[in-house]
Amino acid sequence: MAKTINEKKLTGQSISVKNANLWYGDFQAIKNISVEIPEKKVSAFIGPSGCGKSTFLKCFNRMNDLIPDCRVTGEFKIGETNIYQKIDVNALRRNVGMVFQKPNPFPMSVYDNIAYGPRTFGIHKRSALDQIVETSLKQAAMWNELKDRLNGSALGLSGGQQQRLCIARALAVKPGIILMDEPTSALDPISTGKIEELCEELTKTTTIVIVTHNMQQATRISDKTGFFLLGELVEFGDTDEIFTNPKDVRTERYITGRFG
Amino acid sequence: MTVLNAKNKEKAGKAFFAAAAVICVIAVAAIFAFLIIKSVPAFGKLGVFEFIFGDNWSSDRLDTYDSPLSGTYGIFTMIFGTFTATIGALLIGGVFGYFTAVFLAFYCPAVPKRIFSSVINLLAGIPSVVYGFFGIVFLLPVLSKIAPNNGSGLLATSIILGIMILPTVVSLSKTSLEAVPRAYYEASVALGANHSETVFRVMTPAAKSGIIASLVLAVGRALGETMAVVMVAGNSPNYPDGLFSSFRVLTANIVMEMGYAGEVQEGALIATGVVLLFFVLLVNLIFGFFSKKAVTASVKKQEKHKITYFNKQIKRIKNCVYSFTHKIGAVKICKGMAIGSGIFSAVALLLIIGFIFVKGLPQIIQKPSIIYGKYEFASENITILPSIVTTLFAVAISLIISIPIGLMTAIFLNEYTKNNNIFIRIIRRGIDILAGVPSIVYGLFGMIAFVPIFGGSSSILAGSLTISIMLLPTIVRSCEESLKSVLKSQREGSFALGAGKLRTIFRIVLPSAMPGILSAIILSMGRVISESAPFLYTMGSVISAIPNSVMDSGASLAVALYRLSGEGWYINEAYATALVLIIIVLALNITAEMLAGKLSKKLKGDNA
Ligand SMILES: Nc1ncnc2c1ncn2[C@@H]1O[C@H](COP(=O)(O)OP(=O)(O)OP(=O)(O)O)[C@@H](O)[C@H]1O
Ligand SMILES: [Mg+2]
Chain A
125 MAKTINEKKL TGQSISVKNA NLWYGDFQAI KNISVEIPEK KVSAFIGPSG CGKSTFLKCF
185 NRMNDLIPDC RVTGEFKIGE TNIYQKIDVN ALRRNVGMVF QKPNPFPMSV YDNIAYGPRT
245 FGIHKRSALD QIVETSLKQA AMWNELKDRL NGSALGLSGG QQQRLCIARA LAVKPGIILM
305 DEPTSALDPI STGKIEELCE ELTKTTTIVI VTHNMQQATR ISDKTGFFLL GELVEFGDTD
365 EIFTNPKDVR TERYITGRFG
Chain B
18 MTVLNAKNKE KAGKAFFAAA AVICVIAVAA IFAFLIIKSV PAFGKLGVFE FIFGDNWSSD
78 RLDTYDSPLS GTYGIFTMIF GTFTATIGAL LIGGVFGYFT AVFLAFYCPA VPKRIFSSVI
138 NLLAGIPSVV YGFFGIVFLL PVLSKIAPNN GSGLLATSII LGIMILPTVV SLSKTSLEAV
198 PRAYYEASVA LGANHSETVF RVMTPAAKSG IIASLVLAVG RALGETMAVV MVAGNSPNYP
258 DGLFSSFRVL TANIVMEMGY AGEVQEGALI ATGVVLLFFV LLVNLIFGFF SKKAVTASVK
318 KQEKHKITYF NKQIKRIKNC VYSFTHKIGA VKICKGMAIG SGIFSAVALL LIIGFIFVKG
378 LPQIIQKPSI IYGKYEFASE NITILPSIVT TLFAVAISLI ISIPIGLMTA IFLNEYTKNN
438 NIFIRIIRRG IDILAGVPSI VYGLFGMIAF VPIFGGSSSI LAGSLTISIM LLPTIVRSCE
498 ESLKSVLKSQ REGSFALGAG KLRTIFRIVL PSAMPGILSA IILSMGRVIS ESAPFLYTMG
558 SVISAIPNSV MDSGASLAVA LYRLSGEGWY INEAYATALV LIIIVLALNI TAEMLAGKLS
618 KKLKGDNA
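Protein sequences, first through last, are from chains A and B. The opening position of the first sequence corresponds to residue 125 in the numbering used here, with each subsequent residue numbered one higher. The opening position of the second sequence corresponds to residue 18 in the numbering used here, with each subsequent residue numbered one higher.
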């Protein structure tokens, strides 16, 4: 019984944040942020370096738990569940996947990389895993590229392939939300294009929150955009609105390249 | 339900790892507690001052704590002897080691440098009894040509110890020399200084702290060295009053008399161990000071005050260049020293290994039964088969104990703790301290802690337990190093997929760290095989039949070599044993180095 309730609570796809604050020791990196992130859309966070974008993103899957001296207050809701109460963090992370700035495939085969998540949650049957690997790679649009080298080492792939593999790996546990922290900053334009297409495709089923330094990227792929400055979320709204008609003068200055 | 289970599993896992760390703490505490408690009566009876500063040692095994003493127990001659020998070793090994490091860092072409560096590392793995044996069969006969005696004494001891500390000095100094920013070199050359001037006026001064740290560490090694010294020092409890006078060091005192010691005598020997431990800890403290300074200095140089520091440095370089004209002769001498030392070190290495090979190989070829023959009591035919079996037992038992505990402690320290907790700091500190404790002190501890548990006589089990504790600190440290080398992004990747800590550790971290862990295991095997001082009075030193059980006593290969070389009748067998030892240890070291190489390659591949 307990299990079903738990799972039900952790399948939400929208994110709602109220009065969030975060400290690294004495340093406040997030200052009183409230925001509603809609489900099955791409939301982008932009802002100058060190303004707290990654930090904020990591609040959604509680990766900040790993950092000593990091303290979070405020309300973070995924669907209806407040994630900073007593919950199963691993179940949370199963629902809220993450893709990192630098591709981080595990030093194992392509197949095992993708099967890692499902295996974590108790799926060990070969046929089931085969199915998941195939679906995930297809979703990440790399099945044709990789179907013949499933047993080759993931470290042998190119940087762009590695990053898309990491996306496929995240998809394999069927998350409701995927967080991406500058997923294309280490990649060439062609790989970047592929990942951008992928993001649009994924919104059919998944909420995507992406941090990017590339404003064109934000305009190309995101439905909503948030502008961060010094730990504050200055403005969050429809992407068109933000880039054509920003409400805050700081946002305007940033997108027109006048500071940052 | 499954959620709950997973949680409990995580908790149990953490408790398990923490338990291993606690065992390490207990081991540290036990060593100190045992030695101190056991030495208190002796210090009380003999008087701390009289014991340390008395310069007459003539022990009487019949002395008891309840009756007046008939022997005298003052160890000052040995304290003096220990320090004289250490200074001698430093004059030889320190100087040659330093210049060899300079040679490798700045004068040696790349390929010979790689070979030379790994040979130096191999040298560090050669058992100390083999050095002692080399001293007996090669050095002493050479020295006896100019000595009034058989050549033993201060000079022989200093030379042997000097060669033994060479690898430590070379590899650590080389590391800190290579860490000096390349920009200094370029700045100096741009100002018109030539290569050697730059090396000796700019580069080596910049690496000063690291070089001093390497020398201090070498002093710690020399203070604690036992068997090699025992074999060439002569060991009579006098002040060394000439290059060839027989003298005794602190470690030797323990080895010479522990085997037959009476009540007060045993107490006095344990007290000797405590004094030795005190000096070694003092040296460790000093080492800690200098290596910290070296680290902060290089951090400063490279990161914080990059510009100001660099400007200062340039000014200094300018001043140096002005003074070059006056001291150009000194630089030339230094350059000569560097190249000469490099060659000397290479020759010394080849000499030791080559000599044992040339003398030992014919013995084994002529009489291969030395290795596998059946043991017969009082037979002319010595065989080392029982020693090989004993050694295998010791390796197996000690690794079964120390690897899991050491690895689990490392996992606890690296994966579960956030560094700032007092408890953790105590564990780390304790492990660091243990790593510097001389092996004879472990032997002493094993003798008073483990031997009584197993019926009062030495046994394979007691010896293996003793050596297990000795292995722990290095295993913890090197396992931690390999765990640290696993990229953080790998762990994050696993956590982000919802994997728990245990799964992340076992599926992601440990597989990546495996080559490093394996090489730690192999090096530990090498140490068990090489060590002799901790075994003498815990596992046994009599070459006898193949042991039937772990409760039997037996001499390991290294102990057997000590025995054979001391008796004089079995010198051929000793050569053969030494060769077998060297081959095993070199093979293990080469394997470990290859594994470590594989690890770094893998990590590089990971980054690409
Ligand atoms: N583990 C940490 N401990 C202490 N301070 C941290 C830590 N991580 C980040 N910070 C600080 O928090 C602030 C926000 O960092 P964060 O990484 O979230 O910025 P960012 O917006 O993602 O920047 P970038 O665009 O460069 O990735 C920075 O000032 C940073 O120095
Ligand atoms: Mg960031």
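We put the beta carbon where it would ideally sit given N, CA and C, even for glycine.
Closer than 9 Å at the beta carbon, the chain A residues around residue i
{"i": "residue 499 (chain B)", "result": "The premise fails here: residue 499 (chain B) is roughly 14 Å from chain A at the closest Cβ pair, so nothing lies under 9 Å."}
Backbone CA spacing between residue i and residue j [nearest angstrom]
{"i": "residue 598 (chain B)", "j": "residue 366 (chain B)", "result": "16 Å"}
{"i": "residue 444 (chain B)", "j": "residue 37 (chain B)", "result": "11 Å"}
{"i": "residue 575 (chain B)", "j": "residue 82 (chain B)", "result": "36 Å"}
{"i": "residue 500 (chain B)", "j": "residue 524 (chain B)", "result": "13 Å"}
{"i": "residue 68 (chain B)", "j": "residue 588 (chain B)", "result": "38 Å"}
{"i": "residue 94 (chain B)", "j": "residue 86 (chain B)", "result": "20 Å"}
{"i": "residue 457 (chain B)", "j": "residue 134 (chain B)", "result": "29 Å"}
{"i": "residue 602 (chain B)", "j": "residue 289 (chain B)", "result": "31 Å"}
{"i": "residue 353 (chain A)", "j": "residue 330 (chain A)", "result": "27 Å"}
{"i": "residue 321 (chain B)", "j": "residue 423 (chain B)", "result": "With a pLDDT of 49 at residue 321 (chain B), under the threshold of 50, the modelled position of that residue is not reliable, and the figure given next carries that caveat. Near 36 Å, if we compare the C-alpha coordinates of residue 423 (chain B) and residue 321 (chain B)."}
{"i": "residue 604 (chain B)", "j": "residue 543 (chain B)", "result": "9 Å"}
{"i": "residue 200 (chain A)", "j": "residue 192 (chain A)", "result": "20 Å"}
{"i": "residue 42 (chain B)", "j": "residue 557 (chain B)", "result": "28 Å"}
{"i": "residue 243 (chain A)", "j": "residue 258 (chain A)", "result": "15 Å"}
{"i": "residue 518 (chain B)", "j": "residue 189 (chain A)", "result": "12 Å"}
{"i": "residue 319 (chain A)", "j": "residue 349 (chain A)", "result": "18 Å"}
{"i": "residue 255 (chain B)", "j": "residue 164 (chain B)", "result": "18 Å"}
{"i": "residue 311 (chain A)", "j": "residue 226 (chain A)", "result": "9 Å"}
{"i": "residue 164 (chain A)", "j": "residue 203 (chain A)", "result": "12 Å"}
Interface residues of chain A facing residue i [CB-CB closer than 8 Å]
{"i": "residue 520 (chain B)", "result": "244"}
Residue i: CB within 7 Å of a non-hydrogen atom of ligand 1
{"i": "residue 177 (chain A)", "result": "yes"}
{"i": "residue 157 (chain A)", "result": "no"}
{"i": "residue 173 (chain A)", "result": "yes"}
{"i": "residue 170 (chain A)", "result": "no"}
{"i": "residue 352 (chain A)", "result": "yes"}
{"i": "residue 151 (chain A)", "result": "yes"}
{"i": "residue 191 (chain A)", "result": "yes"}
{"i": "residue 378 (chain A)", "result": "no"}
{"i": "residue 148 (chain A)", "result": "yes"}
Cross-chain neighbours of residue i in chain B, by beta carbon under 7 Å
{"i": "residue 367 (chain A)", "result": "None at all; the shortest Cβ gap to chain B is about 30 Å."}
{"i": "residue 187 (chain A)", "result": "509, 512, 513"}
{"i": "residue 297 (chain A)", "result": "514, 515"}
Host beta strand (DSSP E) of residue i (start-end)
{"i": "residue 352 (chain A)", "result": "348-353"}
{"i": "residue 194 (chain A)", "result": "194-202"}
Any non-hydrogen atom of ligand 2 within 7 Å of residue i CB
{"i": "residue 306 (chain A)", "result": "yes"}
{"i": "residue 335 (chain A)", "result": "yes"}
Residues that residue i contacts on chain B, provided the C-beta gap is smaller than 9 Å
{"i": "residue 221 (chain A)", "result": "513, 514, 515"}
{"i": "residue 293 (chain A)", "result": "510, 514"}
{"i": "residue 169 (chain A)", "result": "Near residue 169 (chain A) there are no residues of chain B at all, since even the closest Cβ is about 18 Å away, more than 9 Å."}
{"i": "residue 224 (chain A)", "result": "506, 509, 510, 513"}
{"i": "residue 217 (chain A)", "result": "512, 513, 514, 515, 516"}
Residue i, enclosing alpha helix (DSSP H) - first and last residue
{"i": "residue 286 (chain A)", "result": "283-295"}
{"i": "residue 183 (chain A)", "result": "177-183"}
{"i": "residue 255 (chain A)", "result": "250-263"}
{"i": "residue 245 (chain B)", "result": "244-250"}
{"i": "residue 267 (chain A)", "result": "267-270"}
{"i": "residue 310 (chain A)", "result": "Segment: none, residue 310 (chain A) is in no alpha helix (DSSP H) and carries neither H nor E."}
{"i": "residue 446 (chain B)", "result": "439-453"}
{"i": "residue 367 (chain A)", "result": "363-368"}
{"i": "residue 182 (chain B)", "result": "171-195"}
{"i": "residue 233 (chain B)", "result": "225-241"}
Contacts of residue i in chain A (Cβ-Cβ under 7 Å)
{"i": "residue 435 (chain B)", "result": "192"}
Under 8 Å by beta carbon: chain B residues contacting residue i
{"i": "residue 240 (chain A)", "result": "511, 514, 516, 524"}
{"i": "residue 228 (chain A)", "result": "504, 506, 507, 509, 510"}
{"i": "residue 214 (chain A)", "result": "23, 515, 516, 517"}
{"i": "residue 250 (chain A)", "result": "Neighbours of residue 250 (chain A) on chain B: none; closest Cβ ~18 Å, over 8 Å."}
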